[in-house]
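Worksheet: the structure to be examined is printed underneath.
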Amino acid sequence: MAKKVVLPGGSGFLGQSLANYLIEKGYEVVVLTRRTATSSNHIKYVQWDGKTINSWTLELEGCEAIVNLTGKSVNCIYTPRNKAEIISSRVDSVRVLKQAIRACKNPPKAFIQAGSLAIFGDTTAVCNEESVHGTGFSVQVCQRWEEEFFTHPLPETRQAVLRIGFALAKNGGALQPLEKLARLNLGGTIGSGKQYISWIHIEDLNQMFLTAIENSQITGAYNATGPRPVTNQVFMKALRTALGKGWAAPAPSPLVWLGAYVVMRADPGLALTGRNCIPAKFTKSGFVFKYVDLETTLKEIYAGWFSTN
Ligand SMILES: NC(=O)c1ccc[n+]([C@@H]2O[C@H](COP(=O)([O-])OP(=O)(O)OC[C@H]3O[C@@H](n4cnc5c(N)ncnc54)[C@H](OP(=O)(O)O)[C@@H]3O)[C@@H](O)[C@H]2O)c1
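Counting from 5, one number per residue, gives the positions in the sequence shown under my numbering.
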């Protein structure tokens with residue numbers, strides 16, 4: 005019988021990619037969603053609300069692992085209401101999942117939690133897993149998320165957080181708004197251009213999740229990012245090259261603030277700040293990256309773009 009992995013919040017960008025990857029690897033996949041219960045493409049969708057115990061807990065009984073990807077998107081304007089939901093959707097889901105695991109007769113072997121490299125704040129210093137945390141709202145979100153996860157550890161379930169970087173994929177994720185700008189010949193350096201982008205190709209990220217599910221040595225917090233972070237200036241140039249675009253005027257910070265609030269309806273900090281993180285623990289454990297060089301990676305993501313656009 006196939007081993008089961010439960011993906012709370014698995015209906016989104018990372019979850020759908022991971023679900024398909026796990027199915028390819030022979031796993032049975034169950035997604036917990038606030039939407040209607042259904043089954044499609046070999047994925048079973050079970051309803052939950054992300055905060056209260058209900059019949060969804062039956063899915064956890066005897067499963068191989070849980071990978072929790074739940075969280076209101078941070079790609080929004082940080083109003084008090086949005087900020088509260090960004091935190092509660094993360095913290096509540098962790099809390100209720102731990103509660104449900106504790107009540108299992110046969111608890112999951114592993115609980116893998118999505119986290120974010122945003123915990124390091126806005127810095128150009130190289131950050132490994134031991135580096136100091138930054139300051140500000142996004143840092144607090146990550147800290148409260150991890151605190152809920154690691155405080156009162158589960159007795160029979162291995163726990164690990166993957167602090168995810170800027171996940172690159174053809175369709176969706178944080179690359180999409182940058183791609184739109186570049187297509188409009190607006191893909192110049194953003195702000196000072198010195199802020200780092202710690203990027204990872206989604207295939208490598210899926211492989212990291214699989215490693216975390218299968219390798220019993222993986223516990224604690226891991227930087228889930230590629231080995232070669234780059235500055236925004238380098239990133240935007242590589243993106244323009246991959247899309248066959250030439251030089252584009254830089255977007256100074258005041259313009260980015262205006263554009264973020266008025267056009268993108270997102271917090272400008274998402275584009276103007278960054279962090280320079282390395283996957284020290286995954287590298288030490290022998291993890292092999294498929295995607296290391298940014299230019300090659302973006303060219304591969306957009307291969308075929310010219311024929312369809
Ligand atoms: N994508 C990245 O590059 C990246 C980088 C760093 C960290 N992360 C973290 O990784 C996780 C998954 O990322 P993603 O890109 O796949 O996000 P996503 O596409 O926004 O998916 C997250 C899922 O969470 C559920 N959700 C949203 N708001 C919720 C709420 N208020 N209460 C309960 N559930 C809620 C939604 O599922 P339903 O609507 O089906 O319930 C949604 O599909 C997130 O926690 C994110 O912060 C992602």
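Backbone N, C-alpha and C fix where the C-beta goes; we use that ideal spot for every residue, glycine too.
Just so we're clear, the structure is a prediction, and the values are computed from it rather than from any experiment.
Residue environment, residue 220, which counts as buried when at least 16 other CB atoms sit within 10 Å: In the sequence shown, residue 220 corresponds to position 216, counting from 1. Classification for residue 220: exposed.
N- and C-terminal bounds of the beta strand (DSSP E) containing residue 59: Here residue 59 refers to the residue found at position 55 when the sequence shown is read from its first residue. That residue, residue 59, is in no beta strand (DSSP E); it is neither H nor E in DSSP.
Three-state secondary structure (DSSP) of residue 163: What you label residue 163 is simply residue 159 of the sequence shown in a count that begins at 1. Strand.
Pairwise C-alpha distance: residue 127 and residue 284: By 1-based counting over the sequence shown, the position of residue 284 is 280. By 1-based counting over the sequence shown, the position of residue 127 is 123. Roughly 17 Å separates the two Cα atoms.
Cβ-based neighbour list, residue 181, same chain, cut-off 7 Å, excluding 5 preceding and 5 following: In the sequence shown, residue 181 corresponds to position 177, counting from 1. So the qualifying residues of the chain are 268.
Contact check, residue 227 vs residue 298, beta carbons under 8 Å: For the purposes of this step, residue 227 is taken as the residue at position 223 of the sequence shown. For the purposes of this step, residue 298 is taken as the residue at position 294 of the sequence shown. No, they are not a contact pair.
Element boundaries [beta strand (DSSP E), containing residue 236]: Counting from one through the sequence shown, the residue named residue 236 turns up at place 232. That residue, residue 236, is in no beta strand (DSSP E); its alpha helix (DSSP H) goes 236-246.
Cβ neighbours of residue 14 in the same chain (closer than 6 Å, five flanking residues each side left out): To locate residue 14, count along the sequence shown from 1; it is residue 10. The answer, listed in chain order, is 23, 35 and 73.
Whole-angstrom distance between residue 160 and residue 48, CA atom to CA atom: Numbered from 1 along the sequence shown, position 44 holds the residue referred to as residue 48. Numbered from 1 along the sequence shown, position 156 holds the residue referred to as residue 160. Straight-line Cα distance between these residues: approximately 26 Å.
Residue burial classification, residue 57 (beta-carbon count within 10 angstroms, cutoff 16): In the sequence shown, counting from the first residue as 1, residue 57 sits at position 53. Residue 57 comes out exposed.
DSSP beta-bridge partners of residue 35: Translated into positions along the sequence shown, residue 35 becomes position 31. BP columns for residue 35 point to 11 and 49.
Cutoff 6 Å; reference residue 199; Cβ partners in own chain excluding five residues on either side: Locating residue 199 in the sequence shown gives position 195, where the first residue counts as 1. Closer than 6 Å at Cβ, skipping near neighbours: 236, 277 and 278.
Cβ neighbours of residue 146 in the same chain (closer than 7 Å, five flanking residues each side left out): Within the sequence shown, numbered from 1, the residue matching residue 146 stands at position 142. Cβ neighbours of residue 146 beyond the five flanking positions: 119, 120, 122 and 123.
Extent of the continuous alpha helix (DSSP H) to which residue 4 belongs: The first residue shown for the chain is 5 and the last is 313, placing residue 4 beyond what the model contains.
Contact belief for residue 17 with residue 176 at Cβ below 8 Å, rounded distance in angstroms: By 1-based counting over the sequence shown, the position of residue 17 is 13. By 1-based counting over the sequence shown, the position of residue 176 is 172. The Cβ separation is near 4 Å, so the contact holds.
The stretch 154-169 / the stretch 179-196 touching (three or more Cβ pairs under 8 Å): no
Residue 288 beta carbon near ligand 1 (any heavy atom closer than 7 Å): Taking the sequence shown and counting its residues from 1, the one referred to as residue 288 is at position 284. No.
Where the beta strand (DSSP E) through residue 119 begins and ends: Translated into the one-based positions of the sequence shown, residue 119 becomes position 115. It spans 114-120 - the beta strand (DSSP E) in which residue 119 sits, taken as one unbroken run.
Segment limits, alpha helix (DSSP H) that includes residue 86: For the purposes of this step, residue 86 is taken as the residue at position 82 of the sequence shown. Counting along the chain, the alpha helix (DSSP H) containing residue 86 begins and ends at 84-106.
Buried versus exposed, by CB contacts within 10 Å (16 or more), residue 240: Within the sequence shown, the letter at position 236 stands for residue 240. Its Cβ being crowded by 16 or more others within 10 Å, residue 240 is buried.
Local conformation of residue 281 per DSSP, three classes: Here residue 281 is taken as the residue at index 277 of the sequence shown, counted from 1. In this structure, residue 281 counts as strand in the three-state DSSP scheme.
DSSP-derived helix/strand/coil call for residue 172: By one-based count along the sequence shown, residue 172 stands at place 168. Three-state result, residue 172: strand.
Expected contact under 8 Å - CB spacing of residue 21 and residue 173 to nearest Å: The residue given as residue 21 occupies position 17 in the sequence shown. The residue given as residue 173 occupies position 169 in the sequence shown. Rounded, the Cβ-Cβ distance is 7 Å, consistent with contact.
Exposure label - residue 311; buried when at least 16 CB within 10 Å: Along the sequence shown, one-based indexing puts residue 311 at 307. Model confidence at residue 311 stands at a pLDDT of 47, short of 50, so the residue's coordinates are unreliable; what they give is reported in the following sentence. Flag for residue 311 reads exposed.
Between the CA atoms of residue 54 and residue 68 - distance to the nearest angstrom: Counted from its first residue, the sequence shown places residue 68 at position 64. Counted from its first residue, the sequence shown places residue 54 at position 50. C-alpha separation (whole angstroms): 20 Å.
CB contact below 8 Å: residue 269 versus chain D: Among the protein chains of the structure shown there is no chain D, as only one such chain exists.
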